[in-house]
(Lines of atoms letter the chains of each structure in order from A and count residues from 1; the text may use other names and numbers.)
(Lines give C-alpha, C1' and ligand atoms only; values in the text may rest on other atoms or scores of the structure.)
Protein backbone atom coordinates (compact mmCIF):
# COMPACT_ATOMS: atom_id res chain seq x y z
CA UNK A 1 0.00 0.00 0.00
CA UNK A 2 1.94 2.97 -1.31
CA UNK A 3 0.80 6.33 -2.60
CA UNK A 4 3.07 8.82 -4.38
CA UNK A 5 1.41 12.21 -4.05
CA UNK A 6 3.98 14.47 -5.69
CA UNK A 7 4.72 13.71 -9.34
CA UNK A 8 5.54 15.95 -12.31
CA UNK A 9 4.81 15.24 -15.95
CA UNK A 10 5.68 17.20 -19.09
CA UNK A 11 2.98 19.71 -18.10
CA UNK A 12 5.63 21.04 -15.70
CA UNK A 13 8.24 23.07 -17.54
CA UNK A 14 11.08 21.25 -15.75
CA UNK A 15 9.97 17.69 -16.64
CA UNK A 16 9.97 15.73 -19.89
CA UNK A 17 8.19 12.69 -18.45
CA UNK A 18 4.86 12.02 -20.14
CA UNK A 19 1.86 11.12 -18.01
CA UNK A 20 1.79 7.73 -19.67
CA UNK A 21 5.44 7.07 -18.75
CA UNK A 22 4.74 8.28 -15.24
CA UNK A 23 1.77 5.94 -14.78
CA UNK A 24 3.60 2.93 -16.21
CA UNK A 25 6.55 3.53 -13.87
CA UNK A 26 4.21 3.87 -10.88
CA UNK A 27 2.62 0.53 -11.70
CA UNK A 28 6.02 -1.15 -12.11
CA UNK A 29 7.03 0.14 -8.68
CA UNK A 30 3.92 -1.34 -7.07
CA UNK A 31 2.06 1.86 -6.27
CA UNK A 32 -1.67 1.66 -5.62
CA UNK A 33 -2.43 5.35 -6.08
CA UNK A 34 -0.80 8.52 -7.34
CA UNK A 35 -1.58 12.20 -7.56
CA UNK A 36 -0.17 13.96 -10.59
CA UNK A 37 0.84 17.38 -9.26
CA UNK A 38 2.31 19.57 -11.95
CA UNK A 39 3.58 23.09 -11.28
CA UNK A 40 1.35 26.13 -11.58
CA UNK A 41 3.16 29.25 -10.42
CA UNK A 42 1.36 32.52 -11.12
CA UNK A 43 3.78 35.45 -11.49
CA UNK A 44 6.84 33.22 -11.28
CA UNK A 45 9.91 35.43 -11.02
CA UNK A 46 12.23 33.83 -13.57
CA UNK A 47 11.65 34.93 -17.16
CA UNK A 48 13.63 31.98 -18.54
CA UNK A 49 10.95 29.44 -17.58
CA UNK A 50 7.18 29.47 -17.23
CA UNK A 51 5.25 27.30 -14.77
CA UNK A 52 1.72 27.86 -16.02
CA UNK A 53 -0.68 25.04 -16.90
CA UNK A 54 -3.51 25.07 -19.40
CA UNK A 55 -5.96 23.60 -16.90
CA UNK A 56 -8.42 22.19 -19.44
CA UNK A 57 -5.72 20.30 -21.36
CA UNK A 58 -4.12 19.14 -18.13
CA UNK A 59 -7.31 17.75 -16.62
CA UNK A 60 -8.28 16.14 -19.93
CA UNK A 61 -4.94 14.31 -20.03
CA UNK A 62 -5.34 13.10 -16.44
CA UNK A 63 -8.86 11.90 -17.29
CA UNK A 64 -7.40 9.98 -20.24
CA UNK A 65 -4.87 8.30 -17.91
CA UNK A 66 -7.60 7.48 -15.38
CA UNK A 67 -9.55 5.66 -18.06
CA UNK A 68 -6.52 3.86 -19.50
CA UNK A 69 -5.29 2.57 -16.12
CA UNK A 70 -8.60 2.33 -14.23
CA UNK A 71 -8.05 -1.31 -13.24
CA UNK A 72 -4.37 -0.92 -12.40
CA UNK A 73 -3.80 2.44 -10.72
CA UNK A 74 -5.86 5.09 -8.98
CA UNK A 75 -4.92 8.49 -10.40
CA UNK A 76 -5.95 11.70 -8.66
CA UNK A 77 -6.19 15.18 -10.15
CA UNK A 78 -3.53 17.08 -8.28
CA UNK A 79 -1.54 20.26 -8.67
CA UNK A 80 1.41 21.95 -6.98
CA UNK A 81 0.31 25.54 -6.56
CA UNK A 82 3.06 28.08 -6.11
CA UNK A 83 1.79 30.42 -3.42
CA UNK A 84 2.75 34.05 -2.96
CA UNK A 85 1.06 36.57 -0.73
CA UNK A 86 0.08 38.88 -3.63
CA UNK A 87 -1.56 36.24 -5.88
CA UNK A 88 -3.90 34.46 -3.47
CA UNK A 89 -7.10 35.63 -5.19
CA UNK A 90 -5.77 34.49 -8.56
CA UNK A 91 -4.81 31.14 -7.05
CA UNK A 92 -8.30 30.69 -5.64
CA UNK A 93 -9.90 31.46 -9.01
CA UNK A 94 -7.62 29.06 -10.85
CA UNK A 95 -8.20 26.13 -8.50
CA UNK A 96 -11.96 26.46 -7.96
CA UNK A 97 -13.35 22.96 -7.28
CA UNK A 98 -11.52 21.15 -10.07
CA UNK A 99 -8.92 19.16 -8.15
CA UNK A 100 -8.71 16.21 -5.77
CA UNK A 101 -5.52 17.41 -4.14
CA UNK A 102 -3.52 20.64 -3.90
CA UNK A 103 0.03 21.05 -2.62
CA UNK A 104 0.71 24.60 -1.45
CA UNK A 105 4.37 25.34 -2.15
CA UNK A 106 6.69 28.33 -2.02
CA UNK A 107 9.18 28.69 -4.86
CA UNK A 108 9.19 32.49 -4.90
CA UNK A 109 9.38 34.85 -1.92
CA UNK A 110 9.06 38.63 -1.93
CA UNK A 111 8.85 38.45 -5.75
CA UNK A 112 12.29 36.84 -5.89
CA UNK A 113 13.11 33.33 -7.06
CA UNK A 114 14.64 30.78 -4.70
CA UNK A 115 16.05 28.46 -7.36
CA UNK A 116 18.12 31.01 -9.27
CA UNK A 117 19.33 32.65 -6.06
CA UNK A 118 17.79 36.11 -6.49
CA UNK A 119 16.02 35.88 -3.15
CA UNK A 120 19.26 35.52 -1.20
CA UNK A 121 20.95 38.65 -2.52
CA UNK A 122 21.68 41.10 0.30
CA UNK A 123 20.73 38.72 3.10
CA UNK A 124 22.75 36.49 5.37
CA UNK A 125 21.87 32.82 5.44
CA UNK A 126 19.65 32.99 8.51
CA UNK A 127 18.14 36.34 7.48
CA UNK A 128 16.97 34.72 4.24
CA UNK A 129 15.69 31.63 6.04
CA UNK A 130 13.68 33.77 8.48
CA UNK A 131 12.20 35.89 5.70
CA UNK A 132 11.10 32.75 3.87
CA UNK A 133 9.45 31.31 6.97
CA UNK A 134 7.69 34.59 7.77
CA UNK A 135 6.20 34.57 4.27
CA UNK A 136 4.96 30.99 4.67
CA UNK A 137 3.46 31.90 8.05
CA UNK A 138 1.69 34.95 6.61
CA UNK A 139 0.16 32.98 3.74
CA UNK A 140 -1.07 30.01 5.77
CA UNK A 141 -2.85 32.37 8.14
CA UNK A 142 -4.71 33.98 5.23
CA UNK A 143 -5.20 31.22 2.66
CA UNK A 144 -6.97 27.86 2.85
CA UNK A 145 -7.39 26.35 -0.62
CA UNK A 146 -4.73 23.67 -0.36
CA UNK A 147 -4.40 20.32 1.43
CA UNK A 148 -0.76 20.09 2.47
CA UNK A 149 2.25 22.36 2.63
CA UNK A 150 4.89 21.21 0.20
CA UNK A 151 8.52 20.68 1.23
CA UNK A 152 8.29 23.13 4.15
CA UNK A 153 12.04 23.57 4.64
CA UNK A 154 12.92 23.72 0.93
CA UNK A 155 14.77 26.96 1.62
CA UNK A 156 17.69 24.79 2.83
CA UNK A 157 18.11 23.47 -0.71
CA UNK A 158 18.94 26.86 -2.18
CA UNK A 159 21.40 29.67 -1.63
CA UNK A 160 25.15 29.52 -2.12
CA UNK A 161 25.95 28.55 1.46
CA UNK A 162 28.64 26.13 2.58
CA UNK A 163 26.45 24.51 5.25
CA UNK A 164 22.75 23.56 5.15
CA UNK A 165 21.67 23.64 8.82
CA UNK A 166 18.36 22.29 10.02
CA UNK A 167 15.95 25.16 10.59
CA UNK A 168 15.06 24.18 14.14
CA UNK A 169 18.66 24.93 15.15
CA UNK A 170 17.80 28.64 15.14
CA UNK A 171 15.53 29.89 17.93
CA UNK A 172 13.63 32.42 15.80
CA UNK A 173 13.20 29.99 12.92
CA UNK A 174 12.00 27.29 15.31
CA UNK A 175 9.41 29.66 16.77
CA UNK A 176 8.03 30.55 13.34
CA UNK A 177 7.92 26.91 12.28
CA UNK A 178 6.00 25.99 15.42
CA UNK A 179 3.52 28.78 14.64
CA UNK A 180 3.12 27.52 11.05
CA UNK A 181 2.49 23.98 12.26
CA UNK A 182 -0.05 25.09 14.85
CA UNK A 183 -1.87 27.10 12.18
CA UNK A 184 -2.15 24.26 9.68
CA UNK A 185 -3.22 21.83 12.40
CA UNK A 186 -5.94 24.23 13.54
CA UNK A 187 -7.12 24.56 9.92
CA UNK A 188 -7.09 20.79 9.24
CA UNK A 189 -4.27 21.13 6.73
CA UNK A 190 -1.30 18.83 6.58
CA UNK A 191 2.33 18.39 5.61
CA UNK A 192 3.79 16.49 2.74
CA UNK A 193 6.81 14.28 3.36
CA UNK A 194 8.89 14.95 0.26
CA UNK A 195 11.56 12.34 -0.32
CA UNK A 196 13.51 14.49 -2.76
CA UNK A 197 15.12 15.87 0.41
CA UNK A 198 17.42 12.86 0.54
CA UNK A 199 19.14 14.30 -2.50
CA UNK A 200 20.13 17.27 -0.31
CA UNK A 201 21.73 15.64 2.72
CA UNK A 202 21.13 11.90 2.36
CA UNK A 203 19.43 11.77 5.75
CA UNK A 204 16.13 13.67 5.67
CA UNK A 205 13.09 14.23 3.53
CA UNK A 206 11.58 17.71 3.29
CA UNK A 207 10.68 18.71 5.92
CA UNK A 208 13.38 17.09 8.01
CA UNK A 209 12.50 14.45 10.57
CA UNK A 210 12.94 16.87 13.47
CA UNK A 211 10.22 19.12 12.02
CA UNK A 212 8.01 16.10 11.41
CA UNK A 213 8.55 15.06 15.03
CA UNK A 214 7.52 18.54 16.21
CA UNK A 215 4.42 18.36 13.99
CA UNK A 216 3.50 15.04 15.61
CA UNK A 217 4.08 16.37 19.13
CA UNK A 218 1.80 19.33 18.38
CA UNK A 219 -0.96 16.96 17.32
CA UNK A 220 -0.47 16.94 13.54
CA UNK A 221 -1.83 13.88 11.78
CA UNK A 222 -2.35 14.69 8.10
CA UNK A 223 0.65 13.50 6.11
CA UNK A 224 1.09 12.70 2.44
CA UNK A 225 4.22 11.17 0.98
CA UNK A 226 5.63 12.19 -2.37
CA UNK A 227 8.82 11.78 -4.34
CA UNK A 228 8.67 15.10 -6.23
CA UNK A 229 9.74 13.07 -9.25
CA UNK A 230 10.50 14.68 -12.58
CA UNK A 231 12.00 11.40 -13.87
CA UNK A 232 10.71 7.84 -13.66
CA UNK A 233 13.75 6.63 -11.70
CA UNK A 234 12.86 8.82 -8.71
CA UNK A 235 9.23 7.71 -8.29
CA UNK A 236 8.59 6.31 -4.78
CA UNK A 237 12.19 7.03 -3.77
CA UNK A 238 13.03 5.63 -0.31
CA UNK A 239 9.39 5.19 0.67
CA UNK A 240 9.97 2.04 2.76
CA UNK A 241 12.69 3.74 4.79
CA UNK A 242 10.70 6.94 5.21
CA UNK A 243 7.54 5.19 6.37
CA UNK A 244 9.52 3.23 8.94
CA UNK A 245 10.99 6.47 10.28
CA UNK A 246 7.52 8.02 10.45
CA UNK A 247 6.31 5.03 12.47
CA UNK A 248 9.21 5.50 14.87
CA UNK A 249 8.12 9.11 15.43
CA UNK A 250 4.63 7.85 16.24
CA UNK A 251 2.63 8.42 13.06
CA UNK A 252 0.10 5.70 12.32
CA UNK A 253 -1.46 6.97 9.10
CA UNK A 254 -0.76 8.40 5.68
CA UNK A 255 -3.39 10.41 3.87
CA UNK A 256 -4.82 10.41 0.37
CA UNK A 257 -7.41 12.81 -0.98
CA UNK A 258 -10.56 12.69 -3.07
CA UNK A 259 -12.23 15.95 -4.11
CA UNK A 260 -10.10 17.74 -1.47
CA UNK A 261 -11.33 15.46 1.32
CA UNK A 262 -8.77 13.59 3.42
CA UNK A 263 -8.80 9.78 3.54
CA UNK A 264 -6.57 8.23 6.23
CA UNK A 265 -4.76 4.91 5.74
CA UNK A 266 -3.03 2.87 8.42
CA UNK A 267 0.67 2.27 7.85
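In this note's numbering, the protein residues as written are 315 to 581.
A virtual CB, placed ideally from N, CA and C, is assigned to each residue, including glycine.
Could you tell me the alpha carbon to alpha carbon distance between residue 374 and residue 412, rounded to whole angstroms? 12 Å
What is the DSSP secondary structure of residue 361, reduced to helix, strand or coil? coil
Got a sec, what are the start and stop residues for the beta strand (DSSP E) residue 316 sits in? Per DSSP, residue 316 belongs to no beta strand (DSSP E) and is neither H nor E.
Label residue 555 either buried or exposed according to how many other C-beta atoms from any shown protein chain fall within 10 Å of its C-beta, with 16 as the threshold for buried. exposed
First and last residue of the alpha helix (DSSP H) that includes residue 483? Per DSSP, residue 483 belongs to no alpha helix (DSSP H) and is neither H nor E.
I need the DSSP call for residue 431, collapsed to helix, strand or coil. coil
Below 8 Å, can you find three or more Cβ-Cβ pairs linking the segment 472-479 to the segment 412-425? no
On the CB-based measure, 16 or more other CB atoms within 10 Å of its CB, does residue 517 come out buried or exposed? exposed
Of the residues 457, 462 and 553, which one's Cα is nearest the Cα of residue 399? 457
Using DSSP with H/G/I as helix, E/B as strand and the rest coil, what is residue 475? coil
Keeping to the same chain, check which residues put their C-beta closer than 6 Å to that of residue 548; ignore five residues upstream and five downstream. 541
Could you give the residue range of the alpha helix (DSSP H) that holds residue 259? This structure does not reach residue 259, given that the chain is present from 315 up to 581, and the question cannot be answered.
Reduced DSSP category for residue 393 - H, G, I as helix; E, B as strand; rest coil: strand
Close-in-space but distant-in-sequence residues of the same chain around residue 429 (CB under 8 Å, 5 per side omitted): 360, 421 and 472
My understanding is that residue 569 touches residue 538, with C-beta atoms under 8 Å, so please give their C-beta distance in whole angstroms. 5 Å
Same chain only: Cβ atoms within 7 Å of residue 561, ignoring 5 sequence neighbours per side: 581
Residue 451: which of 434, 489, 432 and 426 sits nearest, CA to CA? 489
Outcome for residue 551 when other beta-carbon atoms lying within 10 angstroms are tallied against a minimum of 16: buried
Less than 8 Å separating the beta-carbons of residue 530 and residue 504? no
Taking only the alpha-carbon atoms, compute the straight-line gap between residue 495 and residue 486 and give it to the nearest angstrom. 14 Å
Taking just the CA atoms, how far does residue 441 sit from residue 484? 11 Å
Shortest alpha-carbon distance to residue 583 belongs to which of 468, 350 and 447? Within the shown structure, residues of the chain are numbered from 315 to 581, placing residue 583 beyond reach of any answer.
For residue 492, which residues from the same chain have a beta carbon less than 8 Å from its beta carbon, with the 5 sequence-adjacent residues on both sides left out? 528 and 532
Look at the Cβ atom of residue 352, then the Cβ atom of residue 367, and state whether they are nearer than 8 Å. yes
If you check the beta carbons only, do residue 520 and residue 466 fall under 8 Å apart? yes
Could you spell out the range, first to last residue, of the alpha helix (DSSP H) harbouring residue 378? 369-382
Would you please state the rounded distance, in angstroms, between the beta carbons of residue 333 and residue 379? I believe it to be under 8 Å. 5 Å
I need the straight-line Cα distance from residue 318 to residue 355, nearest angstrom please. 21 Å
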